[in-house]
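S.K.:
2 protein chains.
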Amino acid sequence: MRATLMFTAGDVRVVEVPEPTLQRPTDAIIRVTYACVCGSDLHPYHSLEETPGGRRMGHEAIGVVEQVGSSVEHVRVGDTVIVPFAWSDNTCTFCRDGVTTSCLHGGFFDGAPSATQAEKLLVPQADGTAVVIPEGTEESLMPSLLTLSDVYLTGYHAARTGGVATGHTVVVIGDGAVGLSAVLASRLMGAATIILMGRHEDRTALGREFGATHIVAERGAEGIAQVIEITGGEGAHVVLEAVGHLPAYEQAYGVVRPGGTISRVGVPQYEEAPVGFRSLFGKNATLTGGPATVRAYIEAALPQVLDGTIDPGRVFDRELPLDEIAEAYRLMDSREALKVLIRP
Amino acid sequence: MRATLMFTAGDVRVVEVPEPTLQRPTDAIIRVTYACVCGSDLHPYHSLEETPGGRRMGHEAIGVVEQVGSSVEHVRVGDTVIVPFAWSDNTCTFCRDGVTTSCLHGGFFDGAPSATQAEKLLVPQADGTAVVIPEGTEESLMPSLLTLSDVYLTGYHAARTGGVATGHTVVVIGDGAVGLSAVLASRLMGAATIILMGRHEDRTALGREFGATHIVAERGAEGIAQVIEITGGEGAHVVLEAVGHLPAYEQAYGVVRPGGTISRVGVPQYEEAPVGFRSLFGKNATLTGGPATVRAYIEAALPQVLDGTIDPGRVFDRELPLDEIAEAYRLMDSREALKVLIRP
């Protein structure tokens with residue numbers, strides 16, 4: 001079968017690989033019908049070292065179940081399922097807490113032996129991981145349903161762990177697909193003011209449609225000053241950081257209100273950062289977030305997509321066949337595309 | 001009058017200074033009847049640079065009101081009041097949110113022109129800052145009431161912002177007076193397991209009386225391993241960091257459970273610290289805390305002291321007159337005393 005491998009920064013290729021086979025009784029194998037490229041795929045696209053065997057890419061998928069292991073009970077051959085970017089048993093102590101990305105038997109598809117930008121995918125812990133899409137669901141809803149495997153629910157995770165609530169002033173840093181999703185989730189949670197910090201006009205335009213009330217294109221000290229002015233000198237109750245680079249984090253603590261919360265979902269490309277008296281501590285700011293616990297949210301979000309309450313699939317502005325995925329990476333890296341849907 | 005000044009690290013003296021006078025219509029002046037030395041006073045005691053004019057010390061006090069400004073309405077001459085370590089108007093937007101340490105008209109006594117380790121104290125924003133102790137309150141309760149100006153409610157702030165709840169496993173890092181207060185507050189909030197990390201046996205003994213179920217004397221990797229073992233490999237729901245040095249913070253993210261919370265109240269003696277995938281982000285850990293918003297908690301805690309629900313004044317193991325305050329600093333710095341009560 002064909003699968004996407006990255007061999008070094010900037011070198012993405014579709015190559016022929018062996019089909020996955022069931023490894024454990026809890027596995028399933030799906031034929032991938034929808035996949036996509038994630039903003040976080042651009043991190044290795046910029047920095048991956050020479051990897052002779054290639055790194056398997058992709059962690060978002062919808063597919064049709066083709067085989068199940070002997071102990072799989074809830075997922076059946078023929079089901080169309082959403083597969084989140086991390087697998088989890090959905091029964092361990094951390095899953096029961098809702099922290100499915102820390103599952104004791106879990107893992108992440110990205111870089112795993114089987115990843116989603118491919119014709120077929122091995123899904124470990126299939127009963128815990130895969131969520132069945134009701135039979136007869138319109139094909140036009142699939143892009144929005146695909147966003148429940150990562151991007152929309154990552155934006156949602158930011159807003160939820162940040163504690164966005166009715167009447168809040170929220171700042172979203174980053175106008176990528178996760179940032180725009182965080183805007184949509186914040187509107188859903190009742191935020192009164194949503195300030196989107198981003199400078200790509202086509203993206204911030206969608207941000208306005210998703211619920212942003214203000215756009216701030218400036219960055220750094222000037223961007224912070226503008227947010228402080230918009231908020232009457234007070235800062236934001238919640239800041240959702242959807243970038244992952246240190247300057248975005250610095251903006252976050254610059255605009256957060258005393259007693260407010262910064263929630264990060266952009267995978268941090270740094271380990272150390274300011275957290276002392278001058279940044280977080282002095283104003284009793286809270287720092288939260290992490291890998292989105294997507295699996296814990298899918299059941300609640302799925303009906304919202306089916307009934308049209310949310311349409312997060314609008315973040316896809318291009319569609320390409322799997323064979324042209326290298327072009328999808330290029331388009332997203334150059335900001336010519338917001339997010340590219342892939343049809344294997 | 002006599003007041004405590006620090007002139008350089010280790011050099012604390014009681015010297016004669018002018019009595020404070022009312023500066024603004026919102027001020028009051030109190031005669032200090034109880035003060036004390038704080039663990040955070042030991043930071044400048046170790047590191048203060050040569051300060052020829054001296055730095056005024058102390059930020060915890062009970063006193064009797066001697067004068068009030070023309071616009072002071074609620075506090076009256078003759079009242080005995082608790083003065084928190086920060087003053088606040090208690091009416092601004094941040095005070096209404098409960099973040100009294102970020103009051104728009106607020107400030108900190110420590111290092112201010114008038115501080116509490118003295119015979120008299122200028123209290124700015126007296127109506128917002130001072131809380132009246134009911135007339136006729138027994139003198140024996142005054143040490144516990146004095147802890148509401150900082151130490152007990154700082155421990156309480158850690159537990160509250162950390163979200164300690166019934167059944168939780170809580171780790172408290174630091175067996176100083178704030179750490180012990182955090183143990184007491186955690187017990188009050190229903191924590192099932194309270195692991196106190198500290199190695200001074202006289203202090204951890206009081207920690208056990210306050211509610212600690214386990215004591216871990218080891219630090220660093222070994223201390224982390226012990227906590228992980230006690231928690232069945234899972235880590236703690238909430239970690240209360242009451243030290244302020246980087247190794248304590250490193251212990252905190254080492255023992256926090258996925259999805260758990262670290263709450264810091266030890267004033268960080270560092271600005272940068274690990275917050276990336278390997279420390280906080282990967283396990284969706286939350287970092288919260290800051291200067292305790294003591295003023296917001298006093299009304300609720302005062303009756304608990306009066307009716308004997310809590311007895312946080314047990315952290316005072318020595319009492320000295322103001323003139324001997326240099327000895328109080330020495331005793332606390334050498335760990336010969338846990339916390340010293342000062343009678344001006």
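Chains as they are written, first to last, in this note's numbering: chain A, 1 to 344; chain B, 1 to 344. Glycine included, every Cβ here is placed at the ideal spot set by N, Cα and C.
1) Give me the Cβ distance between residue 58(B) and residue 109(B), rounded to the nearest whole Å; I'm assuming they're in contact under 8 Å.
2) Please compile the residues from chain A whose C-beta is within a distance smaller than 8 Å of the C-beta of residue 272(B).
3) Could you have a look at residue 133(B) and say whether DSSP puts it in helix, strand or coil?
4) At what residue ranges does the region 208–274 of chain B contain a whole run of the alpha helix (DSSP H), taking only runs of 4 or more?
5) Under the three-state reduction of DSSP, which class applies to residue 34(A): helix, strand or coil?
6) Suppose you measure from the CA of residue 66(A) to the CA of residue 86(A); what does that come to, to the nearest Å?
7) Would residue 320(A) and residue 343(A) be called neighbours here (beta carbons separated by less than 9 Å)?
8) Could you tell me which of 105(B), 124(B), 181(B), 161(B) sits nearest to residue 152(B), measuring between CA atoms?
9) What residues match up with residue 63(B) in a beta bridge as DSSP calls it?
10) Whole angstroms are fine: how far does the CA of residue 266(B) sit from the CA of residue 227(B)?
11) At a CB distance below 8 Å, what residues from the region 15–49 of chain A approach chain B? Give them in sequence order.
12) Please identify the residue among 203(B), 94(B), 205(B), 172(B) whose C-alpha is closest to the C-alpha of residue 194(B).
13) In the DSSP assignment, find the unbroken beta strand (DSSP E) run with residue 342(A) in it and report its ends.
14) Which residue's Cα is closest to the Cα of residue 223(B): 234(B), 254(B), 204(B)?
15) Check whether chain C comes within 9 Å of residue 112(B), counting only Cβ atoms and requiring the distance to be less than that.
16) Please look up how many angstroms separate the CB atoms of residue 290(B) and residue 269(B), rounded, as I've assumed it's under 8 Å.
17) What does DSSP give as the partner residues of residue 5(B) in its beta bridges?
18) May I have the straight-line CA-CA distance separating residue 51(A) from residue 295(B), to the nearest angstrom?
19) Who pairs with residue 108(B) in a beta bridge, going by DSSP?
20) Could you check which residue in 55(A), 187(A), 238(A), 229(A) has the C-alpha nearest to that of residue 287(A)?
21) Work out the CA separation of residue 133(B) and residue 43(B) for me, nearest whole Å.
22) Are there 16 or more other CB atoms within 10 angstroms of the CB of residue 293(A), so buried, or fewer, so exposed?
23) Can you tell which of 323(A), 240(A), 314(A) has the C-alpha that lies nearest to the C-alpha of residue 157(A)?
24) Quick check on residue 189(A): does DSSP put it in helix, strand or coil?
25) So, using beta-carbon positions, are residue 131(A) and residue 99(A) closer together than 9 Å?
26) Report yes if the CB atom of residue 32(A) is closer than 9 Å to the CB atom of residue 325(A), and no otherwise.
27) Quick one: measure Cβ to Cβ for residue 83(B) and residue 61(B), integer angstroms, because I've assumed they're closer than 8 Å.
28) Report all residues from its chain with a CB closer than 8 Å to the CB of residue 323(A); omit the five preceding and five following residues, and keep chain order.
29) For residue 190(B), which residues of its own chain have a beta-carbon under 8 Å away from its beta-carbon, when the five flanking residues on both sides are left out?
30) Based on the DSSP output, what are the partners of residue 68(B) in its beta bridges?
31) Flag residue 89(A) as yes if its beta-carbon sits less than 9 Å from any beta-carbon of chain B, otherwise no.
32) Just checking, does the region 135–149 of chain B make contact with the region 270–279 of chain B on the three C-beta pairs under 8 Å criterion?
33) Does DSSP put residue 296(A) in a helix, in a strand, or in coil?
34) On the CB-based measure, 16 or more other CB atoms within 10 Å of its CB, does residue 20(B) come out buried or exposed?
35) Is residue 181(A) close to chain B, meaning its C-beta is less than 9 Å from at least one C-beta of that chain?
36) According to DSSP, is residue 325(A) helix, strand or coil?
M.R.: This is what the structure holds:
1) 7 Å
2) 272, 273, 274, 275, 276
3) coil
4) 220–230, 246–255
5) strand
6) 20 Å
7) yes
8) 181(B)
9) 32(B), 81(B)
10) 20 Å
11) none
12) 172(B)
13) 340–343
14) 254(B)
15) Among the chains of the structure shown, chain C does not appear; the protein chains present are A and B.
16) With 8 Å as the limit, residue 290(B) and residue 269(B) do not qualify as a contact, their Cβ atoms being about 15 Å apart.
17) 13(B), 56(B)
18) 58 Å
19) 86(B)
20) 238(A)
21) 31 Å
22) buried
23) 240(A)
24) coil
25) no
26) no
27) 4 Å
28) 2, 14
29) 164, 165, 166, 167, 168
30) 28(B)
31) no
32) no
33) helix
34) buried
35) no
36) helix
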